[in-house]
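Visitor: Just dropping this structure here.
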Amino acid sequence: MKLSSALTCDPNTGLVAYPAGCVIVILSPKKNKQTHIFNTSRKTFSALAFSQNGKYLVTGESGHMPCVRVWDVAERTQVAEVQCHKYGVACVSFSPNGSYIVSVGYQHDRTVSVWEWKKGTVIASNKVSSRVLAVSFSEDNSYFVTAGNRHVRFWYLDASKERRVNSTVPLIGRSGLLGEHQNSQFCGLACGRGSMASSTYCITHTGLLCQFNSNRQLDSWVDLKASYMHCLCSFETFVFCGCADGTVRVFSPQDLHYITTLHRPHCLGVDVSQGTQPGHLFGANPEAQYPDTLALTFDPVTRHLTCVYNDHSVYVWDVRDIRSVGKVYSALYHSGCVWSVETYPELEDSSAACLSPGSFLTCSSDNTIRLWKRDSGHGLRHNLYSQVLTVTDIVRIVYVDDDTQYLKAEAEKAEGASQDGKSGIRVLGISPDGQHLAAGDRSGNLRIFGLQFMDELQKIEAHDSEVLCLAFSPTETGMHLLASASRDRLIHIFDMENKCNLVQTVYDHSASITAIKFTELCMVSCGADKSIYFRSAEKTSEGLNFSRSHHIVEKSTLYDMDLDATRTHTAIACQDRNVRVYNVQSGKMKKCFKGSLNDDGTLLKVQLDPSGMFLATSCSDKNICIFDYESGECVATLFGHSGKIVFLNH
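Residue numbers (the UniProt record's numbering): 1 to 650.
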């Protein structure tokens, strides 16, 4: 979420909606439950808003030729759409009477359109020269306001409708009278309600809360005493302003009188495992850093204020008593790309397990490893910082270093653009005995953690470039080996029983190594050089050595690999959208079948289920396909991601 226009609340039920890629998450904070709406176009949602009656949700998209869509919330189905922008939709809003929808395009689109959505027609449109960040409708439906970079403009629907016959007419707009603030960037906007319906409230990035009167004049303003501003929402009794460092300030809409400052969320780098007592949540630490408040929405019925922060955390605050605010709900998520997911193995001796059944770990470019647990409902203590779902809870966050800058989502370069540096953990691996976690980062370092206490046992500067894959030798070998492969074209094999001493380095590949697997006696690797190497383990006087037994060169890049249930065959995802299956011992191809239903894109990931009956693939077309492994027949397709699917696991 990059703009405050991507958070909205149903004013009747208290449901909160926000986008996650091409999925709308509809959250009930009181029940701690989610439902979802999927965008079949796979385009990323960029803006959304509830209708006043809560029955409908309007969304905008990013990407080429985006649509504005209306969804039935109860049925979770699309009921209308219009395509009136070229590059992306920055913000959308329903009119209070539900008849009209206004949408504003990205900066290079420069279009403001009003849509009579039940008739499917755009009734009025105009161009804007500035980047628009927010839009808000007046309570009487007669006008709406847009705000952005050196821009506050009032658009009048009644004047536009008088000029309309049977076609789209130009929107009639008048600029706000900004006076000495004409060069300000206005990032938040809300039209007044109730007794203050004739007023309009805006905030500037530099920390001013401004009030416009019915004549479009900037009537008054107040300094928020914050380094940076992001968002604003208002109701009859309060104006909430979201600021840097987790701050939300509250003002009176009548005279902009300061009322209070709300609690801040968790500090960056918080140890969630210690947050089991209510006193832990609001403990003051003057040296702590906090995430910036990115978006706000207010539910006037329950008087709940939902805040989204730029570390991608979500909090819902109970502000019925503004002097004694309480937390209703919170959830902590990764703030960057999630690169890997590893489930904790089921051990024969459950008493030797370090983690509970159903636990899994994730890693991200935000420089954290997170441990999640499925709730078995046996009276386990939950932390107070994050209850993501009634069946899932975050148990621990491991911060790879003390630098918290990566916990904040990086500032957007441009609308619709993603930004991902070279920070963070790239891949995870769990040892078969369930005692150790290996993590490779994007700088080439390899870290070993003990899963009992999630403590870092060892750090190895293993590679010159990012670690792309890790593999542990199976228990049946009687050895505890760990192999790491990287973009630097090298495979390092370490002995876990001997302080992770380097056993062997393999130099065969001439490009990035994309996958590596162990069987009982062999090691198989594939890479961007279109090569598959089969190596056999041999005991020598100097110790264990893996020597090449077969070398296969394909005609396309090989992106991923998995072993079947018998560990005698390997299935490889290829750039030409085929899955090729090879015998590990002989190196001969057993079969080949198409791994995608479409003729576009590239296979990125492949995963076999433990039974060996089914195989899943992910493709660059953003689909996941599940195949019968024996026949190669597609039995199911899944979608929900709006970007590249970087990992599959069962």
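Just so it is clear, CB atoms sit at the ideal spot from N, CA and C, and this is done for glycine as well.
1. Is it the case that the Cβ atoms of residue 41 and residue 62 are separated by a distance below 8 Å?
2. Which value, in whole angstroms, describes the spacing of the CA atoms of residue 225 and residue 527?
3. Would you mind reading off the limits of the beta strand (DSSP E) that contains residue 38?
4. So the candidates are 424, 195, 358; which of them puts its Cα closest to the Cα of residue 439?
5. So residue 565 is in the beta strand (DSSP E); what residue range does that whole segment cover?
6. What does a CB cutoff of less than 8 Å around residue 54 pick up in its chain, not counting 5 residues either side in sequence?
7. Touching or not, the stretch 540-552 and the stretch 591-602, by the rule of three or more beta carbon pairs under 8 Å?
8. Just verifying my parser: in three-state terms, what is the DSSP assignment at residue 273?
9. To which residues of the same chain is residue 568 closer than 8 Å at the C-beta, ignoring the five residues directly before and after it?
10. In the DSSP assignment, what are the bridge partners of residue 61?
11. Who does residue 177 pair with in a DSSP beta bridge?
12. Could you check what DSSP says for residue 149 in three-state terms: helix, strand or coil?
13. Pull the bridge partners of residue 461 from the DSSP assignment, please.
14. For the beta strand (DSSP E) containing residue 299, list its first residue and its last residue.
15. If we count the other Cβ atoms within 10 Å of its Cβ and call it buried at 16 or more, is residue 453 buried or exposed?
16. Would a C-beta distance cut-off of 8 Å place residue 485 and residue 531 closer than the cut-off?
17. Tell me residue 26's beta-bridge partners as DSSP assigns them.
18. Between residue 609 and residue 523, what straight-line distance do the alpha-carbon atoms span, to the nearest angstrom?
19. Is it true that the CB of residue 315 sits closer than 8 Å to the CB of residue 330?
20. Is residue 609 helix, strand or coil when you go by DSSP?
21. Measure the alpha-carbon distance for residue 561 versus residue 570 and round it to whole angstroms.
22. Are three or more beta carbon pairs between the stretch 259-275 and the stretch 217-233 nearer than 8 Å?
23. Decide yes or no for the touch test of the stretch 461-479 against the stretch 432-449: beta carbon pairs closer than 8 Å, at least 3 of them.
24. Where residue 341 and residue 374 are concerned, what is the direct C-alpha to C-alpha distance, given to the nearest angstrom?
25. Taking the beta strand (DSSP E) that residue 117 falls in, what are its first and last residues?
26. With a Cβ-Cβ cutoff of 8 Å, do residue 144 and residue 176 count as a contact?
27. Find the nearest neighbour of residue 59 within the set 215, 32, 31, 88, judged by alpha-carbon distance.
28. Is the beta carbon of residue 90 sitting closer than 8 Å to the one on residue 106?
29. Can you tell me whether residue 36 is buried or exposed? The criterion is at least 16 other CB atoms within 10 Å of its CB, across all chains shown.
30. How would you call residue 637, buried or exposed, if buried means at least 16 neighbouring beta carbons within 10 angstroms?
31. First and last residue of the beta strand (DSSP E) that includes residue 517?
32. Name, in chain order, the residues that DSSP records as bridge partners for residue 309.
33. In whole angstroms, what separates the C-alpha of residue 449 from that of residue 469?
34. For residue 128, which of 18, 497, 190, 113 has the nearest alpha-carbon?
35. Use the C-beta contact count for residue 77: other C-beta atoms within 10 angstroms, 16 or more gives buried, fewer gives exposed.
36. Contact check, residue 232 vs residue 240 under 8 Å by CB: the rounded distance?
Guide: Well, looking at it:
1. no
2. 54 Å
3. 33-38
4. 424
5. Premise fails: residue 565 is in no beta strand (DSSP E) and is neither H nor E.
6. 10, 11, 12, 13, 15, 73
7. no
8. helix
9. 519, 583, 584, 585
10. 45
11. 217
12. strand
13. 445
14. 293-299
15. exposed
16. no
17. 17, 35
18. 20 Å
19. yes
20. coil
21. 7 Å
22. no
23. yes
24. 14 Å
25. Careful: residue 117 lies outside any beta strand (DSSP E) and carries neither H nor E.
26. no
27. 88
28. yes
29. exposed
30. exposed
31. 513-518
32. 293
33. 17 Å
34. 113
35. exposed
36. 7 Å
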